[in-house]
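Letter 13 of the sequence shown, counting from 1, is numbered 18 in the numbering used here, and no numbers are missing.
Glycine is no exception: its CB is placed at the ideal position from the N, C-alpha and C atoms.
Reading through the structure tokens given below for one structure.
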Amino acid sequence: MINTLERKLLEKDNIIKELQHAQYSYEPKDLQLDFEIRIESLEQEAATGERFTEVYSESIPIRNQQADRFLNSIQYGNSNNTSRSEILRQECQIRDQKSEQLLNEKKLIIVENERHISELQTVIRDQEREINNANAKLQQIQQSLNTQQHELDNCRQKRDILTVDLNIAIEENEAHLDRIRALERQLEMTQTRNITPEQIAHYQGIIEDLKAQLRHREDSIQ
């Protein structure tokens, strides 16, 4: 029986090690913080781009009005400056075209950032689902681990009790063996004397009874 318990203890130890390994392998890799930092950075960039776009869009009519007033004042003030005013008008148009191009580029960057933010948010949701699944799996593993540990402790307790019983049984068996040997010697000595068959049968019965007790004890502790 002790050997059986030892095998159970070994099996429980192996199961617990496997569960602990599974528990470690299911530890979730929390990438949510990194994703949130990246999203916050992209959102800040997008907000900056949007503010730039708004400010620039609002300033275009004002700058055009200022340019028109300036050119008109030149034209009315001095007709000889017509060619110069035309050059200034062309420069303003070129500048506006470049500004418009820059504005379009900023808008494209904003759109791209918003798309990237949406992708990262999708990844975060997927990661959260994986983390929730991993946590659920960890709880199952922990429950199984606790159950196995409880069974292991019970097996160890039974083994310790049986070990104590075994040591007691061994001592008692030794005492029975000593008594059997003493009775056998006494029986041999009485056979040389005048002794009745009833007395011999009595001694033999005691010896057989002691041997039967020994066999019973050996069977109970195996």
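Would you report the Cα separation of residue i and residue j, rounded to the nearest angstrom?
| i | j | result |
| --- | --- | --- |
| P33 | T152 | Residue placement at P33 is poorly supported in this model, since its pLDDT is 49, which falls under 50; the coordinates still yield a value, given next. Spanning the two alpha carbons is a distance of roughly 23 Å. |
| V128 | Q154 | 38 Å |
| E213 | E177 | 16 Å |
| K123 | K112 | Per the sequence shown, the amino acid found at residue 123 is Ser instead of Lys. Roughly 17 Å between the two C-alpha positions. |
| E189 | Q148 | 60 Å |
| V116 | Q144 | 42 Å |
| E45 | I114 | 15 Å |
| I173 | R161 | 18 Å |
| Y31 | N137 | In this prediction, Y31 scores a pLDDT of 47, lower than 50, which makes its location untrustworthy; the coordinate-derived value is nonetheless stated afterwards. Their backbone Cα atoms lie some 11 Å apart in a straight line. |
| R100 | L125 | 37 Å |
| A141 | R130 | 17 Å |
| L157 | L167 | 15 Å |
| E203 | Q191 | 15 Å |
| Q132 | A139 | 10 Å |
| Q102 | E91 | 16 Å |
| E193 | H221 | 26 Å |
| Q98 | Q106 | 12 Å |
| I146 | I175 | 42 Å |
| L171 | R186 | 22 Å |
| S84 | S104 | With a pLDDT of 49 at S84, under the threshold of 50, the modelled position of this residue cannot be trusted, and the question is left open. |
| K163 | E179 | 24 Å |
| Q95 | R120 | 37 Å |
| R134 | Q49 | 27 Å |
| H207 | N159 | 46 Å |
| D165 | I211 | 33 Å |
| N118 | N109 | 14 Å |
So, are the CB atoms of residue i and residue j less than 9 Å apart?
| i | j | result |
| --- | --- | --- |
| H181 | Q209 | no |
| R184 | L150 | no |
At least one CB of chain C closer than 9 Å to the CB of residue i: is that the case?
| i | result |
| --- | --- |
| S104 | No chain C appears in this structure, which consists of one protein chain only. |
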